[in-house]
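So the sequence shown is numbered by this note's numbering: it starts at 582 and just counts up by one.
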Amino acid sequence: MSLNVLIGEEKINKKIEELALNITDYYKEMTDEIVGVCVLKGSVNFFSDLVKRIKLNVRYNFIQVSSYTGEVTTGSVKVKSWLDEPLENKHVLIVEDIVDTGNTLKYIVKYFQRQNPLSLEITSLLMKTVHNHEVNVKFPGFEIGNIFVVGYGLDYDEKYRNLPYIGYIN
Ligand code: IMP
């Protein structure tokens, strides 16, 4: 098995700068504080690099959900850990690594909305274009085709997460 680079470090950094600028611009008229929700484990690198560049106070929250085994989505979302503060009256930004079918985000959004946040938006570093996701990702990063990618937080059975670039397996 060999790995090819799909998106290199420099491109990732540039995109994150851009996203952080857009996110800051979008919120700054409304608020000086947002809640950033990192969807573990895959979003850990993206979250960390993104929040450093957002010029607002970002409260950190982490949830862990999974729906994949190897390269295959199981279709059902498993929650391993959840929020540790209420979202009511907060501006909430969900930080996701990749949207494939959109099932994970739909699940998260459904439960978050029940808490009556002031606003609820999504940023995702990667979006697969194969599916109609039916979720509104306000701050999208890169669009990619129907390939399984690893690195920069993304794994294949817990491997390759710490690669500094996004790659695909040949
Ligand atoms: P969805 O629920 O089908 O949108 O899948 C979203 C989740 O599946 C992501 O948060 C990832 O954890 C995982 N995932 C989807 N596609 C990939 C991939 O190409 N590589 C690694 N993980 C993926």
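No residue lacks a Cβ here, since even glycine has one placed at the ideal position from N, Cα and C. It should be emphasised that the depicted structure is a prediction, and the values quoted were computed from it without experimental measurement.
Residue i - DSSP class collapsed to helix/strand/coil
{"i": "residue 739", "result": "coil"}
{"i": "residue 645", "result": "strand"}
{"i": "residue 608", "result": "helix"}
{"i": "residue 715", "result": "coil"}
{"i": "residue 559", "result": "Since the first and last residues shown for the chain are 582 and 751, residue 559 lies out of range."}
{"i": "residue 543", "result": "Because the chain spans 582 through 751 in this model, residue 543 falls outside it and cannot be assessed."}
{"i": "residue 631", "result": "helix"}
DSSP bridge partner residues for residue i (one or two, in chain order)
{"i": "residue 621", "result": "645"}
{"i": "residue 599", "result": "Bridge partners of residue 599: none, in fact."}
{"i": "residue 721", "result": "705"}
{"i": "residue 749", "result": "585 and 730"}
{"i": "residue 614", "result": "638"}
C-beta contact flag for residue i and residue j at 8 Å
{"i": "residue 601", "j": "residue 644", "result": "no"}
{"i": "residue 545", "j": "residue 660", "result": "Since the displayed the chain opens at 582 and closes at 751, residue 545 lies outside it and no answer follows."}
{"i": "residue 678", "j": "residue 620", "result": "yes"}
{"i": "residue 629", "j": "residue 684", "result": "no"}
{"i": "residue 737", "j": "residue 747", "result": "no"}
{"i": "residue 631", "j": "residue 749", "result": "no"}
{"i": "residue 752", "j": "residue 593", "result": "No statement about residue 752 is possible, as the shown extent of the chain runs from 582 to 751 and does not include it."}
{"i": "residue 596", "j": "residue 722", "result": "yes"}
{"i": "residue 584", "j": "residue 608", "result": "no"}
{"i": "residue 618", "j": "residue 674", "result": "yes"}
{"i": "residue 669", "j": "residue 694", "result": "no"}
{"i": "residue 680", "j": "residue 714", "result": "yes"}
{"i": "residue 639", "j": "residue 689", "result": "no"}
{"i": "residue 616", "j": "residue 642", "result": "yes"}
{"i": "residue 725", "j": "residue 701", "result": "no"}
{"i": "residue 582", "j": "residue 672", "result": "no"}
{"i": "residue 614", "j": "residue 745", "result": "no"}
3 or more residues per run - each beta strand (DSSP E) lying fully within the region 660-688
The DSSP assignment places complete beta strand (DSSP E) segments of no fewer than 3 residues inside the region 660-688 at 672-680, in order along the chain.
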